[in-house]
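Trainee: Can you read through this structure? Questions will come right after.
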Amino acid sequence: MKISNHILTQGNISNNQLDLAIAQNYPNGIDFCYTDPPWGNGNLKFWDTVNKKMNNVEIVQIDQEALENRVVQLICTNVKNYAFIVYGVREAKSLMQKLRLQPKVVDIQYIEKKYKSGAKWLKNCVIAVTLSNNVPKEDWVTLLTNKNGRDGLRVVLDKFKGKYQSCLDAFIGQGFYLETLHEYGFHVIGNELNALRLEKAISRLK
Ligand SMILES: C[S@@+](CC[C@H](N)C(=O)[O-])C[C@H]1O[C@@H](n2cnc3c(N)ncnc32)[C@H](O)[C@@H]1O
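Residue numbers for the sequence shown follow the numbering used here, so the first one is 1 and each next one is one higher.
Right, here's the structure in full:
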């Protein structure tokens, strides 16, 4: 569906609804990617359970290995300049190994983050991938260190504003990134498994 300047599909990332939408709307590629996939088999199972409870639907949930291959394939087939993947610190190594094998990947930078969730300190990371030799090599480690959540996205968007327009987010969730991208005037193409979470995301745009 098209909402404002965004193209949003709903369903399991294992299926091809997002690929079809990209082929139809961005046949020449998407400028950059900023996305927050589930990480680890426990987390994938959690999202499957949430989806079942909220929408009363059964899916065959993808596993971590297949999800990483799918994320790499989506990015390397469709994204032109840079990709930022927010990911788990334990799982980052296996995703970066897969990215390194791709001829299109010019540079990979790893930025570890510490953030507070309730009383607990947790860690995640951003994997910043350069996908073209024709774009400036940025020091994303310096730019993104200590920039958590949407603050990290804003740093990237401040750099890209006026230069790029389209962004791939294959895991829209409740649309926090979508909302920020929308506020900055970027055009998002993305997907979400959970129909009710996607509805919430869309309601942020109104
Ligand atoms: C970490 S959240 C994304 C959060 C998002 N950045 C936001 O702003 O709300 C990961 C999302 O992946 C979705 N997901 C889990 N399994 C999926 C699958 N097999 N296909 C597509 N999306 C899936 C979940 O429903 C969840 O909304």
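Beta carbons are placed, not taken as given, at the ideal position from N, Cα and C, and that holds for glycine.
Check whether the Cβ of N191 sits closer than 7 Å to any heavy atom of ligand 1, and report yes or no.
Mentor: On the sequence shown, residue 191 is found 191 positions in, with the first residue counted as 1. Checking every heavy atom of ligand 1 against the Cβ of N191, one is found closer than 7 Å.
Trainee: According to DSSP, is G42 part of a helix, a strand, or is it coil?
Mentor: Counting from one through the sequence shown, the residue named residue 42 turns up at place 42. G42 falls in the helix class under three-state DSSP.
Trainee: Is the closest heavy atom of ligand 1 to the C-beta of F32 under 7 Å?
Mentor: Taking the first residue of the sequence shown as position 1, residue 32 is located at position 32. The beta carbon of F32 sits no closer than 7 Å to any heavy atom of ligand 1.
Trainee: Could you give the distance in angstroms between the alpha-carbon of K114 and the alpha-carbon of L122?
Mentor: To locate residue 114, count along the sequence shown from 1; it is residue 114. To locate residue 122, count along the sequence shown from 1; it is residue 122. Between K114 and L122, the C-alpha separation is close to 6 Å.
Trainee: Inspect the beta-carbon positions of V106 and N133 and report whether they are closer than 8 Å.
Mentor: Locating residue 106 in the sequence shown gives position 106, where the first residue counts as 1. Locating residue 133 in the sequence shown gives position 133, where the first residue counts as 1. Taking 8 Å as the Cβ cut-off, V106 and N133 qualify as a contacting pair.
Trainee: Measure the Cβ-Cβ separation of G190 and L205 and say whether it is below 8 Å.
Mentor: Looking up residue 190 in the sequence shown gives position 190. Looking up residue 205 in the sequence shown gives position 205. In this structure, L205 does not lie closer than 8 Å to G190 by Cβ.
Trainee: Do you know offhand how far Q165's Cα is from K53's?
Mentor: Stepping through the sequence shown from its first residue, residue 165 is reached at position 165. Stepping through the sequence shown from its first residue, residue 53 is reached at position 53. About 36 Å.
Trainee: Taking only three categories from DSSP, how would you classify N12?
Mentor: Mapped onto the sequence shown, residue 12 falls at position 12. If DSSP states are grouped into helix, strand and coil, N12 belongs with coil.
Trainee: Quick check: Q109 and V141, are their CB atoms within less than 8 Å of each other?
Mentor: For this step, residue 109 is matched to residue 109 along the sequence shown. For this step, residue 141 is matched to residue 141 along the sequence shown. Yes, the pair counts as a contact, with Cβ atoms nearer than the cut-off.
Trainee: Within this structure, are the beta carbons of F171 and E192 separated by less than 8 Å?
Mentor: In the sequence shown, residue 171 corresponds to position 171, counting from 1. In the sequence shown, residue 192 corresponds to position 192, counting from 1. Between F171 and E192, the C-beta spacing is below 8 Å.
Trainee: To the nearest angstrom, report how far apart I75 and A66 are at their CA atoms.
Mentor: Residue mapping note: residue 75 aligns to position 75 of the sequence shown, counting from 1. Residue mapping note: residue 66 aligns to position 66 of the sequence shown, counting from 1. Going from the Cα of I75 to the Cα of A66 covers about 14 Å.
Trainee: Taking only runs of the alpha helix (DSSP H) that begin and end inside the stretch 180 to 205, which ones reach a length of at least 4 residues, in chain order?
Mentor: 195 to 203
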